[in-house]
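In our numbering, the protein residues as written are 2 to 362.
Quick look at the structure:
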């Protein structure tokens, strides 16, 4: 009986709750803005164009794997891509983010939203297939691809607000002022998110991550009553495909068990709480991913090394741990720092991370 290649068994085994010999590591937003080669290949292309051109999306996805030697690629795309492909009017404005032609504020607005079809996602599927082909030519050819999508609440919040927002007041107001319209919007967003994930997995992604960027604006009660059912619906689109499902949100320390319970196999934890505290809140029941503080990427190496070792040590409380940031790579990050983190993590056998530079609680 043959065993799977090392990097596949490390990442996917960790996602399935089996601790590998070395802690796997990759970084949210590793593909893109921090890499000079990304800016070079994106010249003359808008963000949405670069996501929807299969060859370009694949090349951008592969760049950090070649440079850093991370244990996974995550598909280069944007959470609004399924909305764009459904026919929703949206553009990504540099320096601002997604901006929608018309906010969704009423039941009639929700009813008018165009349905996303799997056929409309063909550029995404083509990009995933090209990425998987490219990964086969890097190293031992075993690096897995993670697909991703924005969670229904984050998509709905963008639609209602019409663009980025700090408190998502309009979205939370609709949730309570017209619960039927809100439920319909969340069902639409859940199916868009779920189909986006499904297209990526069917095309070759080995795992899927659901990002809830704005869930930290919610109380636990609102999350459980008005959001969790839609997140479960989104993840249900890939239940039959037998891939690990990762769920991550920003500022969601109080929501972690509820986020797990929507059907996540792995829970991502941001930097705001110690990793072992997040594991405690989850009851030590699932593998975790995280949670380096992105701000420390600019710190002197001895401080950053100590932080990496501390996070690895705290991760020992979980069934398995995948090292990642507690949010995305900042755009001004020195790429060499990320490479150095990968080299450090790969030099340390799992559960033996204290040594020089370690931090004890």
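Ideal Cβ positions, reconstructed from N, Cα and C, are used throughout, including at glycine.
Since residue i is in the beta strand (DSSP E), which residue starts that stretch and which ends it?
i: residue 255; result: No beta strand (DSSP E) contains residue 255, which DSSP labels as neither H nor E.
i: residue 150; result: 146-151
i: residue 264; result: Run containing residue 264: none; DSSP gives neither H nor E here.
Please classify residue i: is it buried, with 16 or more other beta-carbons within 10 angstroms of its beta-carbon, or exposed?
i: residue 272; result: buried
i: residue 240; result: exposed
i: residue 344; result: exposed
i: residue 135; result: buried
i: residue 357; result: Any reading at residue 357 must be qualified, since the residue scores a pLDDT of 37, below 50, and its modelled position is unreliable; the value itself is stated next. Per the 10 Å Cβ criterion, exposed.
i: residue 288; result: buried
i: residue 257; result: buried
i: residue 308; result: buried
i: residue 238; result: buried
i: residue 119; result: exposed
i: residue 348; result: exposed
i: residue 186; result: buried
i: residue 132; result: buried
i: residue 25; result: buried
i: residue 142; result: exposed
i: residue 137; result: exposed
i: residue 15; result: buried
i: residue 97; result: exposed
i: residue 242; result: exposed
i: residue 115; result: exposed
i: residue 334; result: buried
i: residue 88; result: exposed
i: residue 270; result: buried
i: residue 351; result: buried
i: residue 304; result: exposed
i: residue 45; result: exposed
i: residue 37; result: exposed
i: residue 158; result: buried
i: residue 180; result: exposed
For the candidate residues the options, whose alpha-carbon lies nearest to that of residue i?
i: residue 302; options: 337, 126 and 330; result: 337
i: residue 123; options: 83, 304 and 267; result: 83
i: residue 342; options: 103, 17, 69 and 14; result: 69
i: residue 49; options: 253, 85, 15 and 65; result: 85
i: residue 235; options: 114, 155 and 98; result: 155
i: residue 41; options: 53, 57, 27 and 28; result: 57
i: residue 166; options: 73, 44, 217 and 143; result: 217
i: residue 170; options: 220, 146, 142 and 197; result: 220
i: residue 231; options: 151, 17 and 335; result: 151
i: residue 250; options: 77, 263 and 38; result: 263
i: residue 81; options: 223, 321 and 214; result: 214
i: residue 110; options: 54, 182, 339 and 173; result: 182
i: residue 226; options: 177, 195, 255 and 268; result: 177
i: residue 1; options: 52, 175 and 62; result: Look at the range of the chain in this structure, 2 to 362, and you will see that residue 1 is not part of it.
i: residue 316; options: 331, 285 and 304; result: 285
i: residue 340; options: 65, 12 and 244; result: 65
i: residue 113; options: 209, 27, 160 and 298; result: 160
i: residue 252; options: 13, 168 and 12; result: 168
i: residue 266; options: 79, 75, 320 and 37; result: 320
i: residue 195; options: 37, 145, 246 and 172; result: 246
i: residue 121; options: 197, 322 and 254; result: 197
i: residue 74; options: 210, 27, 47 and 45; result: 27
i: residue 208; options: 108, 139, 67 and 145; result: 145
i: residue 1; options: 222, 244 and 179; result: In this structure the chain extends from 2 to 362, so residue 1 is not present and cannot be described.
i: residue 299; options: 331, 281, 322 and 17; result: 331
i: residue 17; options: 268, 297 and 296; result: 268
Is residue i near the ligand ZN, going by C-beta to nearest heavy atom under 6 Å?
i: residue 284; result: As far as ligands go, the structure on display features none, and thus does not contain the ligand ZN.
Identify the continuous alpha helix (DSSP H) that holds residue i and give its terminal residues.
i: residue 135; result: 123-136
Mind listing, in chain order, the continuous beta strand (DSSP E) runs of no fewer than 3 residues lying wholly within the segment 173-241? 208-213
Beta strand (DSSP E) segments (min. 3 residues) lying fully within the segment 283-343: 289-293 and 322-326
On the three-pair Cβ rule with 8 Å, is the segment 122-137 touching the segment 185-192? no
Segment contact flag, the segment 86-95 with the segment 13-28, C-beta cutoff 8 Å, min 3 pairs: no
Is the segment 319-326 close to the segment 284-294, with three or more CB pairs under 8 Å? yes
With a floor of 4 residues, list each alpha helix (DSSP H) that falls wholly inside the segment 26-108, ordered by position along the chain. 37-42, 48-53, 55-69 and 82-87
Taking three-plus beta-carbon pairs below 8 Å as touching, is the segment 98-115 in contact with the segment 25-39? no
Quick test of the definition: if touching needs 3 or more C-beta pairs under 8 Å, does the segment 266-282 touch the segment 309-324? yes
Counting Cβ pairs closer than 8 Å, one from the segment 195-211 and one from the segment 164-183, do we hit at least three? no
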